[in-house]
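Under this note's numbering, think of the first position of the first sequence as 226, with each following residue one higher.
All C-beta atoms in this analysis are idealised placements derived from N, C-alpha and C, irrespective of residue type, glycine included.
Report on the following structure.
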Amino acid sequence: MRSIFEKLDLMDKREIAAILDEIGVFLELKGENPFKVRAYQSAARILDRLEDDLGELIKAKQLRSIKGIGAALADNIETLHQEGSLPFYEELKASIEPGLIEMLTIPGLGPKKVKAVYGKLGLTSIDQLRLACEEGKVAALPGFGKQSQAKILSGIEHRELYNQRHLWWNAFAIAEPILEGLRKLKQTEKAEHAGSLRRCLETVGDLDFLVASEDPDPIMHWFTHQEGVAEVTALGQTKSSIRLESGLQADLRVVPLKQFYFALHHFTGSKDHNVMMRQRALSMGYSLSEWGLTPEEGGRKVTTIKSEAALFKKLGLNYIPPELREGTAEIAAAEKGTLPELVQEEDIRGVFHNHTTASDGRHTLEEMVAAAQDLGWEYLGISDHSKSSVQANGLNEERVLRQIEAIEKLNQSKQFKTYVFSGIECDILKDGDLDLDQSVLEALDYVVISIHSGFTQDEEAMTRRIIKAIEHPCSTMLGHPTGRLLLEREPYAVNMQKVIDAAIANKVMIEINANPRRLDMDWRLWHKAAEKGLMTCINPDAHAAERLIYYKAGVQVARKGWLTKESVFNTNNLKSVKNYLLSTS
DNA sequence: GCCGTTTTCGGCCCGACTGTTTTCAGTCG
226 MRSIFEKLDL MDKREIAAIL DEIGVFLELK GENPFKVRAY QSAARILDRL
276 EDDLGELIKA KQLRSIKGIG AALADNIETL HQEGSLPFYE ELKASIEPGL
326 IEMLTIPGLG PKKVKAVYGK LGLTSIDQLR LACEEGKVAA LPGFGKQSQA
376 KILSGIEHRE LYNQRHLWWN AFAIAEPILE GLRKLKQTEK AEHAGSLRRC
426 LETVGDLDFL VASEDPDPIM HWFTHQEGVA EVTALGQTKS SIRLESGLQA
476 DLRVVPLKQF YFALHHFTGS KDHNVMMRQR ALSMGYSLSE WGLTPEEGGR
526 KVTTIKSEAA LFKKLGLNYI PPELREGTAE IAAAEKGTLP ELVQEEDIRG
576 VFHNHTTASD GRHTLEEMVA AAQDLGWEYL GISDHSKSSV QANGLNEERV
626 LRQIEAIEKL NQSKQFKTYV FSGIECDILK DGDLDLDQSV LEALDYVVIS
676 IHSGFTQDEE AMTRRIIKAI EHPCSTMLGH PTGRLLLERE PYAVNMQKVI
726 DAAIANKVMI EINANPRRLD MDWRLWHKAA EKGLMTCINP DAHAAERLIY
776 YKAGVQVARK GWLTKESVFN TNNLKSVKNY LLSTS
């Protein structure tokens with residue numbers, strides 16, 4: 226519980242969402258009504274994705290108007306936000322052995338079984354559970370057996386590896402050859418990946434593959450016997466699951482061709498999107514599942530479709546791209562015909578946040594430009610670190626001026642078709658000042674402002690610091706605005722709504738840092754921010770020529786954030802970009 | 001706990017696989 230001295234430090238959305246999720250788990254262990262559990266868990270997801278400022282919503286008494294948040298949840302959220310604690314939560318937490326929560330992370334162990342080992346054997350920790358399994362006590366419990374016991378032991382053994390999430394980029398690299406392998410089999414009529422990988426979520430828990438075939442056995446056999454399989458965890462007639470040596474789990478489902486697109490839609494998810502689609506189907510007199518769309522009453526008639534688009538059409542919706550299927554506003558927009566025309570990889574004509582050997586990059590200016598030219602880009606921006614980033618060999622004023630000269634010379638030489646802009650990734654110092662003299666910043670084509678130190682400032686100080694930097698007349702775009710490293714480091718404390726508003730007011734862009742470990746600013750914030758007028762620039766933050774390709778991950782973030790190419794600066798042609806940078810520098 | 005153009009009460013998305021059973025509960029997605 227927080228002390229009263231910390232009372233001003235209001236709990237933010239993510240902290241509250243985490244607590245609601247925890248409450249859901251507690252209730253589950255208590256054997257509460259599963260729909261109540263779901264209500265808490267769904268409220269947690271809603272908060273996580275909430276784009277508005279929570280404090281504002283509470284002040285305006287708007288919390289209850291959000292679908293899925295009723296009187297009780299609104300009260301609880303408000304209490305957590307204002308007080309930093311919630312008696313209901315504290316009491317619930319105190320009444321449950323913490324070791325039981327941990328047991329739920331063991332694959333195959335759900336709330337009922339955890340309750341059983343606690344109730345019947347009095348086990349309160351994973352260590353005790355391991356011991357009981359080794360002594361054969363667990364197998365003797367009703368509903369358990371020797372196989373369950375062995376599975377639990379193996380689950381305990383590999384728990385950490387199995388529960389890891391993986392960066393989308395890395396997971397995709399593992400999934401691609403598997404999908405290719407499936408497509409090469411002669412029994413395969415169609416094959417796609419599904420799940421969060423297809424929705425391009427920033428991290429992926431497992432891989433999902435879907436195959437259309439009338440002859441599943443050989444496909445299942447290939448899948449479960451391919452190289453890199455550590456364990457086969459399920460093998461049925463239509464579904465099999467494997468554990469890869471990397472710890473990643475992969476599921477394969479094989480369905481007849483006529484069900485392929487229903488199944489593809491179903492297994493692409495998200496869960497929230499599927500629930501909304503099913504509810505919509507029900508309201509139109511249909512029942513929707515991975516098997517098809519059938520009239521609710523009696524009839525066995527399965528409607529056949531030849532694409533996912535046809536499924537959406539049958540439900541009166543425009544086609545919703547997988548990236549948008551997160552259960553937010555996509556179905557309402559698809560109904561009204563107001564889905565955006567999303568930016569595409571081909572729209573990108575160059576990128577601006579890249580490093581060379583001048584600071585901490587691995588390739589020279591010429592090597593970077595050659596790589597950009599190979600990608601067919603019209604322009605490339607070079608933005609090495611500034612002098613405060615000593616660890617990255619940041620440039621001082623004199624070295625910046627020398628680099629500007631080198632870039633001018635390169636452009637004049639016409640050695641490359643790709644035009645080069647001279648920029649800098651300028652450190653935002655602790656007080657919000659920029660790291661280089663204004664006269665030098667003015668000599669550059671553009672300035673990326675970023676934070677590389679002092680991550681531990683409180684939210685107010687950090688927000689003030691970033692906004693002050695945004696207000697600097699030379700700032701062009703804000704780099705990796707929250708400093709997060711996916712699966713490694715949390716974002717620093719910052720009020721992004723205020724930063725977004727300041728960026729719009731000062732005509733400063735916020736980049737989508739496309740490095741797969743960052744993907745920052747998060748897609749969840751873009752829809753509303755762009756509606757308010759915020760522009761972005763998709764940047765790979767490449768520290769080597771072969772990493773320019775990261776821009777693709779940035780395009781995915783933009784698409785998940787509902788962005789059209791009008792909101793993405795680097796979809797403009799060279800002439801427009803030159804004009805814009807000239808007019809603002 | 002949430003929700004309502006048939007409902008303020010009684011529903012709440014739906015199916016596969018496993019391991020335990022001998023017809024099904026628990027887990028998972």
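How would you label Arg423, buried or exposed, when you count the other beta carbons within 10 angstroms and need 16 or more for buried? Buried, because 16 or more other Cβ atoms sit within 10 Å of the Cβ of Arg423.
Which residues in the same chain as Gly524 place their Cβ atom closer than 7 Å to its Cβ, once the five residues preceding and following it in sequence are excluded? Caution applies to Gly524, whose pLDDT of 47 falls short of 50 and renders its modelled position unreliable; the value that the coordinates give is listed next. None.
Of the residues Lys531, Arg505, Ala534 and Glu533, which one's Cα is nearest the Cα of Pro520? For Pro520, the closest alpha carbon among the candidates Lys531, Arg505, Ala534 and Glu533 is that of Arg505.
Out of Leu540, Thr458 and Glu570, which one is the CA nearest neighbour of Glu560? Taking each of Leu540, Thr458 and Glu570 in turn and checking the Cα distance to Glu560, the smallest one comes out for Leu540.
Taking DSSP as the reference, what is the three-state secondary structure of Met687? When DSSP states are grouped into helix, strand and coil, Met687 belongs to the helix group.
Which residues in the same chain have their Cβ closer than 8 Å to the Cβ of Gly293, if we skip the five residues on either side of it in sequence? Ala264, Ser267, Ala268 and Ile271.
In chain order, which alpha helix (DSSP H) runs of at least 4 residues are fully inside the region 512-553? Scanning the region 512-553 for uninterrupted alpha helix (DSSP H) segments of 4 residues or longer gives 533-539, listed from N- to C-terminal end.
Within 10 Å of its beta-carbon, does Asp745 have 16 or more other beta-carbons around it, so buried, or fewer, so exposed? The residue in question, Asp745, is buried, as its Cβ has 16 or more Cβ neighbours within 10 Å.
State buried or exposed for Asn798, treating a residue as buried only when at least 16 other CB atoms are found within 10 Å of its CB. Under this definition Asn798 is an exposed residue.
To the nearest angstrom, how far is the alpha carbon of Met721 from that of Gly420? Distance between the alpha carbons of Met721 and Gly420: 29 Å.
Near Ile444, which residues of its chain fall below 8 Å by C-beta distance, leaving aside the five closest residues on each side in sequence? Hits under 8 Å: Leu407, Leu410, Gln412, Thr413, Val436, Ser438, Leu477 and Val479.
How big is the Cα-Cα spacing for Lys800 and Glu555? Approximately 35 Å, taken between the alpha carbons.
Reference Gly361; option with closest CA among Ala535, Lys371 and Ser584: Measuring C-alpha to C-alpha distances from Gly361 to each of Ala535, Lys371 and Ser584 identifies Lys371 as the nearest.
The ligand MG and Gly380: does any heavy atom of the ligand fall closer than 7 Å to the residue's C-beta? Within the structure as shown, the ligand MG is missing, as the structure has no ligands at all.
Hey, quick one: how far does the alpha helix (DSSP H) through Phe485 stretch, first residue to last? First-last of the alpha helix (DSSP H) with Phe485: Phe485 to Thr493.
Flag this pair as yes or no: are the beta carbons of Val673 and Ile649 separated by less than 8 Å? Contact flag set, yes.
Specify whether the region 780-787 and the region 544-558 touch according to this definition: at least 3 beta carbon pairs, one from each stretch, less than 8 Å apart. Contact holds: three or more Cβ-Cβ distances are below 8 Å.
Which residues bound the alpha helix (DSSP H) around Asn499? Per DSSP, Asn499 belongs to the alpha helix (DSSP H) from Lys496 to Ser508.
Just the Cα atoms here: how many angstroms apart are Thr707 and Phe577? Between Thr707 and Phe577, the C-alpha separation is close to 19 Å.
Cα-Cα separation, Gln287 to Glu382: Taking the Cα positions, Gln287 is about 47 Å away from Glu382.
Taking all protein chains shown into account, do 16 or more other C-beta atoms lie within 10 angstroms of the C-beta of Lys790, making it buried, or fewer, making it exposed? Counting C-beta atoms within 10 angstroms of its own C-beta, Lys790 has 16 or more neighbours from the protein chains shown and is therefore classed as buried.
Can the beta-carbon of Thr796 be found closer than 8 Å to that of Ile607? Judged by beta-carbon spacing, Ile607 lies beyond the 8 Å limit of Thr796, meaning their Cβ atoms are not closer than that value.
His705 and Arg743: beta carbons closer than 8 Å? Contact flag set, yes.
Between which two residues does the beta strand (DSSP E) holding Tyr604 run? Tyr604 to His610 is the extent of the beta strand (DSSP E) around Tyr604.
Would you say Leu469 and Gly494 are within 8 Å of each other, going by their C-beta atoms? No; because the gap between Cβ atoms is not below 8 Å, this pair is not in contact.
For the region 682-757, which segments carrying the beta strand (DSSP E) assignment without a break, of at least 3 residues, lie completely within its bounds, in sequence order? Annotation: the region 682-757 contains the following complete segments of the beta strand (DSSP E) (minimum length 3 residues), in chain order: 734-738.
Assigned exposure category for Met328 - 16 Cβ within 10 Å defines buried: Burial call: buried.
Given that a residue counts as buried once 16 or more other Cβ atoms are within 10 Å of its Cβ, and exposed if not, what is Asp609? Only buried fits Asp609, as 16 or more other CB atoms lie within 10 angstroms of its CB.
Is Phe448 buried or exposed, if buried means 16 or more other CB atoms sit within 10 Å of its CB? Around the beta carbon of Phe448, 16 or more other beta carbons lie within 10 angstroms, which makes this residue buried.
By Cβ distance, which residues of its chain are closer than 8 Å to Gln374, with the 5 residues on each side in sequence left out? Cβ neighbours of Gln374 within its own chain (closer than 8 Å, five residues either side excluded): Cys358, Gly361, Val363 and Ala364.
Span of the alpha helix (DSSP H), counted from its first residue to its last, around Leu460: Taken as a continuous stretch (DSSP letters only), Leu460 belongs to no alpha helix (DSSP H), being part of the beta strand (DSSP E) at Val454 to Leu460.
Count the other C-beta atoms from every protein chain shown that fall within 10 angstroms of the C-beta of Val615, then say buried if there are 16 or more, exposed otherwise. By the neighbour-count rule (16 or more Cβ atoms within 10 Å), Val615 is not buried but exposed.
Just verifying my parser: in three-state terms, what is the DSSP assignment at Asp662? Asp662 falls in the coil class under three-state DSSP.
Beta-carbon gap between Tyr544 and Glu603 smaller than 8 Å: With respect to Glu603, Tyr544 sits apart: the two C-beta atoms are not nearer than 8 Å.
C-beta contact flag for Pro698 and Trp394 at 8 Å: In this structure, the beta-carbon distance from Pro698 to Trp394 does not fall below 8 Å.
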